[in-house]
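This report refers to the structure that appears directly beneath it.
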Amino acid sequence: MLRSLFAGISGLRVNQTMLDVTGNNIANANTIGFKSSSTVFQDTLSQMLTAASSANATRGGTNPMQVGLGVQLAATNTNFNQGAAQTTGRPTDLMIQGDGMFVVQKGNEQLYTRAGAFTFDNNGTLVTPTGNRVQGYALDAAGLPTGGLIDVTLNTGALTPPVPAGVQLTSYNIGADGKLRGIFDDGVQRDMAQLALANFNNPMGLEKVGETSFRQSANSGVAQLGVAGQGRLGTLVGGALEMSNVDLSAEFTNLILAQRGFQASSRVITTSDQVLEDLVNIKR
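Under the working numbering, the letters of the sequence shown match residues 160 to 443, in that order.
Structure, rendered in structure tokens:
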């Protein structure tokens, strides 16, 4: 059977995958915190027709003669470049300026996201639109994060120092440092919690799990937890959201490339079929 037939089939497969990835990027052009992906192709094994030979006293060396056997998908890389800012004015909408990801708890699993469209639920817990609980740290008397990760809530009973009896929370805000600051009716502002951020040695190794969230994988490295302003972790912008980083002009160009690549591969299959037909009809 002709090698070109199978090479054309491999071309159809990878260009179809490129169409799938590009289509998903375009579909999420307006998704908060979405990170686009791109495809990387590589050739498959090449069949050796004649091996290379070295030069000797009577003749020069010769190069190997090889025929490629098609193409395959090497990787789908996630682009973690910063998306544009959209101002909303809502105090619970947060955008990370720089590196880092929000830490959220979904059941017993810890996930990571750049989408900061949060709100407080009926229990006063800061949650994502799908109900995942935003994680942070309790603060000591000096306002420094202490202990392990906890749910970020409007609970005033666990503050240090404690809130005097009869004093009520009237409003709140979240600063660039990620601290949830409560404003009480005695005129005092008290830090209630601080949002946690995470970073990874290889963010492209994270696994997408839907809901604009990621899961740690074997090649992402362990989550490096901290708070805004520490190390490579960025700062927070309140009242704003990070938009999708999809570049529609680039995606439509990729769409054309994938379409033409698919058409060219199908033409290879058609031509190979015509050659086979000619071989079958050689004797009549």
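We put the beta carbon where it would ideally sit given N, CA and C, even for glycine.
Burial check for residue 224: the Cβ neighbour count within 10 Å stays below 16, so the residue is exposed.
Counting only residues of its own chain and dropping the five nearest sequence neighbours on each side, residue 164 has a CB closer than 7 Å to the CB of 428, 431. Taking each of 182, 251, 257, 252 in turn and checking the Cα distance to residue 391, the smallest one comes out for 257. DSSP, read as helix, strand or coil, puts residue 268 in strand.
Residue pairing for residue 356: DSSP places it in a beta bridge opposite 261, 385. Between residue 297 and residue 352, the CB-CB gap stays under 8 Å.
One thing to note: residue 371 has its Cβ no nearer than 8 Å to the Cβ of residue 261. When the alpha-carbon of residue 229 is set against those of 310, 235, 205, 350, the nearest one is in 205.
Nearest neighbour of residue 221 by Cα position, chosen from 227, 231, 209, 232, turns out to be 209.
Between residue 266 and the set 227, 255, 310, 236, the nearest pair of CA atoms involves 310. Between the segment 374-391 and the segment 343-351, the count of Cβ pairs shorter than 8 Å is below three; the stretches do not touch. In this structure, the CA atom of residue 375 is about 40 Å from the CA atom of residue 226.
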